[in-house]
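The block underneath contains the structure these notes are about, expressed in structure tokens.
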Amino acid sequence: MSKYIAESFYTCLFKITHNLQELTNEALQEIDSRKDGKVEVLDVKFNKRKTKSLAELQANKTQSKEEEVKEISSQKINENITSSIFNNIQDNKTSSLSIENKAFSERRKMPDRRKGYIQKAMIGDHKVYLHIGEYDDGRVGEIFIDTNKEGELVRSLMNNFAIAISLGLQYGVPLEEYVDAFINTKFEPSGKVKGNDRILSASSILDYLFRELAISYLGREDLAHTPSIKKTDQAEDSEENAQLIDVLKNITSKGF
């Protein structure tokens, strides 16, 4: 029984001859795929020879197969882990998108009888009436803006702007987004504000409007020009006072 094998390596130089009907690029490109060429061996050179033990070859084959099996199994495990992570990410994205789409696809209409308040102020020489409507839980759901000394074009634009903001609020757009977008907007009328004890000046009607909303409904004291009135020196409220406050919260506007 053989115990060793000998492997001899040679370099062979040969040529293949093809007969062509015409000399074109298409004919030259098809030469490699043709099988009618004549083969002629030009030179054969000896390179090297290797001898190996059959036992070592079999051991190497067994080891290589085991390594290949381990590599394949590890690849499958990695693929399974990757696919499970990817599926979890996709599921989370899908669920979050469905929640967001549901939040922005359903309109929460205002109640027929609603709470709210009207704030009158003067920005420069222009009177501005801000009408705010609330849901039962105290969240702002609609706004209306009335002005004087403005032309029909500006008044119509302000009315339609207020309607657009109201629809956005009813479809779930956070009030914070509007506040961040319109605070410090600059256009006329602007200047000193009269009639509002928390806002002393505004760079535009929109700046005044969303400052008022942010202070009243978001607690943004950083946007106010005067500190809020707080009774810090009083003793703790009794149970009756706490119940009275709860009743007042249910029947009065949060803006107060």
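The sequence shown runs contiguously to residue 256 in the numbering used here. The C-beta atom is built at its ideal place from N, Cα and C for all residues, glycine as well.
Does the distance from the CB of residue i to the CB of residue j come in under 8 Å?
i      : j      : result
Val140 : Leu213 : yes
Lys127 : Asn148 : yes
Ile16  : Val39  : yes
Ile123 : Ile215 : no
Thr185 : Ser203 : yes
Lys45  : Thr82  : no
Tyr208 : Leu175 : no
With a threshold of 6 Å on Cβ separation, who are the neighbours of residue i within its own chain once the five nearest residues in sequence on each side are excluded?
i      : result
Ile5   : Lys52
Asp146 : Tyr129
Arg198 : Ile215, Ala224, Thr226
His131 : Ile118, Phe144
Val41  : Phe14
Keeping to the same chain, check which residues put their C-beta closer than 7 Å to that of residue i; ignore five residues upstream and five downstream.
i      : result
Phe210 : Tyr178, Val179, Phe182, Ile183
Gly37  : Ile16, Thr17, His18
Ser190 : Ile123, Gly124, Ala202, Ser203, Ser204
Gly151 : none
Using a 10 Å radius around the Cβ and a threshold of 16 neighbouring Cβ atoms, would you call residue i buried or exposed?
i      : result
Asp137 : exposed
Ala164 : exposed
Leu23  : exposed
Lys115 : buried
Ile118 : exposed
Leu169 : buried
Glu142 : buried
Ala121 : buried
Note down, in chain order, each residue of its chain lying with its Cβ closer than 8 Å to the Cβ of residue i, except the 5 sequence neighbours on either side.
i      : result
Leu200 : Lys192, Val193, His225, Thr226
Pro111 : Tyr135, Asp136
Met158 : Ile145, Thr147, Glu150, Ile205
To the nearest angstrom, report how far apart residue i and residue j are at their CA atoms.
i      : j      : result
Glu188 : Arg108 : 34 Å
Phe9   : Glu26  : 36 Å
Tyr129 : Ser166 : 16 Å
Leu13  : Asn87  : 56 Å
Asn196 : Glu106 : 35 Å
Glu79  : Tyr171 : 42 Å
Ser64  : Asn47  : 27 Å
Asp32  : Glu7   : 30 Å
Asp222 : Ser84  : 46 Å
Gly133 : Ala162 : 12 Å
Val173 : Arg220 : 18 Å
Glu67  : Lys50  : 25 Å
Gln75  : Glu30  : 41 Å
Lys35  : Asp43  : 22 Å
Gln58  : Leu20  : 50 Å
Asp60  : Leu28  : Before going further, note that residue 60 is Asn rather than Asp in the sequence given. Cα to Cα, Asn60 sits roughly 45 Å from Leu28.
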